[in-house]
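Here the structure comes first, spelled out in structure tokens, and everything after it is commentary.
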Amino acid sequence: MTALKREIREIVREEPFMRGRILAVLAEGPHTVPEIAEAIGRPANEAMYWVMGMRRYGWVREVKEAAVDGYFRYQAVAREQRP
Amino acid sequence: MTDYDALVVGSGIAGMESALKLGDMGYKVLLVEKEASVGGRMILLSKVFPTLDCASCISTPKMAASIHHPNVTALTYTEVDGISRDGAGTFKATIRRKPRFVDEAACTGCQLCETACTVAVPDQFNADMVARRAAYIAFPQAVPKKAVLERAGTSPCTYTCPAGIKAHGYVSLIRSGEYEKAFQLVLEATPLVGTLGRACYAPCEGECARGSLEGTLPIRRLKRFAADRHYEAIDGPGVEVPPANGKGVAVVGSGPAGLTAAWQLARRGYRVKIFEAAPVAGGFLRLAIPAYRLPAEVVDHDISNVTAVGVEIATDSPVTDLEALRRDGFDAVLVATGTPLSTSLNVPGEKLDGVVSGLQFLRATRLGSAADLTSKRVVVVGGGNVAMDAARTAVRFNAAETTVAYRRGREEMPAHKAEIDDAERDRVRFLFQVGPVEVVGDAAGHVTGLRCQRMALGKPDASGRRRPEPIKGSEFVLLCDTVLVAIGMAPEGSAFGGRSASNTNGTLVADPRTLQTAVPHIFAAGDVATGASDITRAVGQGRRAAHMIDRWLKGEPLAGFEMDDVLPVADKTKVLARQTRYTHSTALDQATDTTAPRPDFAEIEAPMTEAEALAGSSDCLDCGVCSECQECVTACPSDAIHLDMREQIQEVSVGAVVVATGYKLFAADAKPEYGFGRYKNVITGMQMDRLLAPTRPYNTVLRPGDGKVPERIAFILCTGSRDETVGNPLCSRFCCMYSIKQNQLIMGALPLAEVTVHYMDIRAPGKRYDEFYEGAKSMGATYVKGRVAKITEKDDGNLVLRYEDIEHGGALVEAEYDMVVLAVGVQPNREVDRLFSGDDLALDAYDYVAEPNEDMDPGRTSIPGVFVAGAASGAKDITDSILHAGAAAAQVAAHLESLKVPA
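Chains as they are written, first to last, in the working numbering: chain A, 17 to 99; chain B, 260 to 1162.
This is how it looks when you write it as structure tokens:
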């Protein structure tokens, strides 16, 4: 049994706050969601919300190659290429 | 004569179909949709069964037609509040158009507002699998493709700020890392960002919804953080100086009200000159509030904002003739001279050497001319903020003992609680319920003590505080060398002359709303008009005065408008009810550390680190949802954002009503044995449809727990349907088929994935449905008969299903999957209950809208003239919904035509 999930609204609300930390991780290169989660010390399901929210609004995008070990890697989008 | 022939409530596929069919027949139709787009659920699906047509591709033409049909008026983001039948057999409907806060005509759907928005909320159009923004367009194919700002009122922190600062806005900007924008947002209200970041009494924090959890956000300190960051990097406000408008305003007094008014007026193009009687600008900011609370350089930075936009400040320039300013070319005058005079004790001995007003003492301290108090015994008389500042300053001048004597109790003290607490930490002694009777002196005229008498607290007086009443025979002498008098403050009114009337307390008479005095070109703001208050209220007064002066000078009326037309305050109870549980963060310790042996005049409160600021701001609950950070307003190239929009109520008469309110999905967490909401990789069928849709929330089908591409996926059919344990014995009719559709789509998207369906029995009775089912099996989907009893979650997020394998001897089996999809059933939409008054819209035994003769007369309800279309009357797939909606349209036409036939 894993730790109790936090409520979605609470997790989602933190996306703007977590953005900087995730971009700092991705500054080192593309990472999978579990790798990002480990780097920022937060659960992977929460990192998933933040990464996908950032992807939606143009902060990150997936590396197009096939998933490694079942996971896609995500990379930061250059500031000038963001919406 | 009715406004419309028919009202259609709900714009899902059934509502659209009924509206379009009626429109095609020539009837005038009002189509009302509560969401921001027409389309209902179908537009959110991936594909439809059994054709695997793209749901978007076949929905969007109907959606566009619904909006553009010449006979259909479609109102989105609109609610029907009530419908009642009148005597003529027609209906009156109350329609409530919810404010989008976006001008639909101007909005181009560019989504720049959404990209700029700083508030993230769960996206209901993506089944809560990803965030959207408070400013949003419902989904990419939305019709109309117009933005909406989600607002639930004004956030309490912003609502309560007397200075008009958008507190929620700057908190939201800081958590987004936009520190300079946060500074600029505060600048919109006042130039005193650094000052208020330190010396504001923070009423915002008193209203913070987080306060009822682990504690308020450090809202004031976040403002200071933004100011500190700005002043570290930028000299001045970093704003452009506007072109001059040719008019001038004189501001008398350079305290918080005067500086704020000058700033606001200068930014509107006025030539502004501040006349300050003291040798330095800033009023109480420089001459009363001690440096340990508000360093001089901070005030200097804030004042440099004002001078940077062209305001001239003349110090040592007392104004004795307001009228002369008019002659000097100023078109208007603002008096903002504060309350520089101290109220006297009116007791014998007050003229003795050693009796000083608290204000004089603080002023002398800031000007470097205060008397030495080393080893002196100091008594401060009073219980307000000036008394606390004087006492704490005396401590810093090495007084041997500092005592505050106050005639009421601690609870009645007008000083802010934080100031009292800090004074206690500075080892100030408090004597409560004692009043001065006489200042005692020696032969040389020096103070030797303060004769006091004890007080009892009687009934509350006009201030609401309990009245102090002397106790006979209780007098005693408090030995001391210095008495600092801080029992009240009053304006200095010599400049008012005979031109402007004063109140009995010396304040200038001005209209409390317009701040205009009896002399039209003279306005008064701040403590000189209101009596002693605090710097935050004075800032609000200055801002208001500037607004009123601007209107007056432009010849605009000062009545008939609201300066800050804000939404009602967000209900904190409702805010907290958005979540069933909260993770408590570690609230920042806001207490200051004054444990040093002898406090000095260095600033006490440490600045926030960036990490503290981010953590502190991230706890914000977004009470009003939209933070009013103004990012969308700035980003919108069409000037389409209008935060002053308000809801509009209208009454319409209609000949008939079509109820097309659809259904609700079963709440999957009502089956706790399946772990939805607790297990990270258990999702609903609707969520899987979103993952398979072209506008999906992720880049492909991924499990939400960690982003892994799932290899083994299980479906559990009949979740919440055909299930007496959850009160729903009905089959939901389309769960089998949408699951089979998803099976096929998954195997197409993830060729290596194994798909297993746990079912009771497959219901595929429609045209080509069974062939569709067989097709899924031939593609490799496995169908296991037997109800799943329980799911458990492993540490790696995988899920173990325990079930009885009926077709293989009934053995109890456990199987492990990466991801589980719950094929949730449907439930009636009970919102129809509140639609009708006067007539009861009958519901069937399962709470769907009843069709009393559904076999022979489908679409008719219990109310003549009211019809039902689609799943509002029971679970239907898309094809059946469209057929039913067509039948309802025909029923409406027959009804309307029958009304034309003479009885």
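Beta carbons: idealized from backbone N, C-alpha and C, even for Gly.
Just so you know, these numbers come straight off a predicted model, no measurement behind them.
Residue i (DSSP reduced to helix, strand or coil)
| i | result |
| --- | --- |
| B:S753 | helix |
| B:F384 | helix |
| B:K718 | strand |
| B:C420 | coil |
| B:E1013 | strand |
| B:K287 | coil |
| B:A1048 | strand |
| B:N644 | helix |
| B:A836 | coil |
| B:C369 | coil |
| B:G1039 | coil |
| B:P450 | coil |
| B:I972 | strand |
| B:T853 | In this prediction, B:T853 scores a pLDDT of 48, lower than 50, which makes its location untrustworthy; no coordinate-derived value is stated. |
| B:F484 | helix |
| B:R434 | helix |
| A:T18 | With a pLDDT of 48 at A:T18, under the threshold of 50, the modelled position of that residue is not reliable, and the figure given next carries that caveat. Residue state, collapsed to three classes: coil. |
Residue-level contact to chain A via CB, residue i, 8 Å cutoff
| i | result |
| --- | --- |
| B:V736 | no |
| B:S877 | yes |
| B:N564 | no |
| B:C688 | Residue identity differs from the one stated: residue 688 of chain B is Arg in this sequence, not Cys. Judged by the 8 Å Cβ criterion, B:R688 is not in contact with chain A. |
| B:A1091 | The residue you asked about is not Ala; residue 1091 of chain B is Val in the sequence shown. No, because no Cβ of chain A sits closer than 8 Å to the Cβ of B:V1091. |
| B:G436 | yes |
| B:L826 | no |
| B:A379 | yes |
| B:V1151 | no |
| B:R669 | no |
| B:D1173 | With chain B running from 260 to 1162 in the structure shown, residue 1173 of chain B is simply not present. |
| B:Y841 | yes |
| B:L873 | yes |
| B:R622 | no |
| B:D948 | no |
| B:R937 | yes |
| B:T893 | no |
| B:T374 | yes |
| B:Q838 | yes |
Contact with chain B by residue i, beta-carbon distance below 8 Å
| i | result |
| --- | --- |
| A:E96 | no |
| A:G57 | no |
| A:E23 | yes |
| A:G100 | This structure does not reach residue 100 of chain A, given that chain A is present from 17 up to 99, and the question cannot be answered. |
| A:P46 | no |
| A:V76 | no |
| A:E81 | no |
| A:V28 | yes |
| A:V49 | yes |
| A:E54 | no |
| A:A60 | yes |
| A:T18 | The predicted position of A:T18 is uncertain, since its pLDDT is 48 and thus under 50; no value can be drawn from it. |
Paired residues, beta bridge with residue i - DSSP
| i | result |
| --- | --- |
| B:F691 | B:Y665 |
| B:C1167 | Residue 1167 of chain B lies beyond the range of chain B shown here (260 to 1162); nothing can be said about it. |
| B:S1096 | B:S343 |
| B:C313 | B:K306 |
| B:V510 | B:I533 and B:L593 |
| B:K987 | With the sequence shown as reference, residue 987 of chain B is identified as Asn, and Lys is not the correct amino acid for it. BP columns for B:N987 point to B:D982. |
| B:K351 | B:S343 and B:S912 |
| B:D1064 | B:A1070 |
| B:L1155 | Answer is none; B:L1155 lacks a bridge partner. |
* Closer than 7 Å, Cβ to Cβ, to anything on chain C: give me those residues from the segment 971-997 of chain B, in chain order. => Absence of chain C from the displayed structure is noted, the protein chains being A and B.
* Could you list the residues in the segment 953-966 of chain B with a C-beta less than 9 Å from some C-beta on chain A, going in chain order? => Flagged, chain order: P956, Y957, N958, T959, L961, R962, P963, G964, D965 and G966.
* Could you give the uninterrupted runs of the beta strand (DSSP E) lying entirely in the segment 555-636 of chain B, keeping only those of 3 residues or more? -> 571-573, 591-594 and 614-616
* Where the segment 390-424 of chain B meets chain A: residues whose CB sits under 9 Å from a CB there -> A390, R391 and R392
* Asked: Mind pulling the alpha helix (DSSP H) runs of 4 or more residues that sit fully within the segment 758-806 of chain B?
  -> 786-789
* Contiguous alpha helix (DSSP H) assignments of at least 4 residues, all confined to the segment 875-945 of chain B -> 890-894
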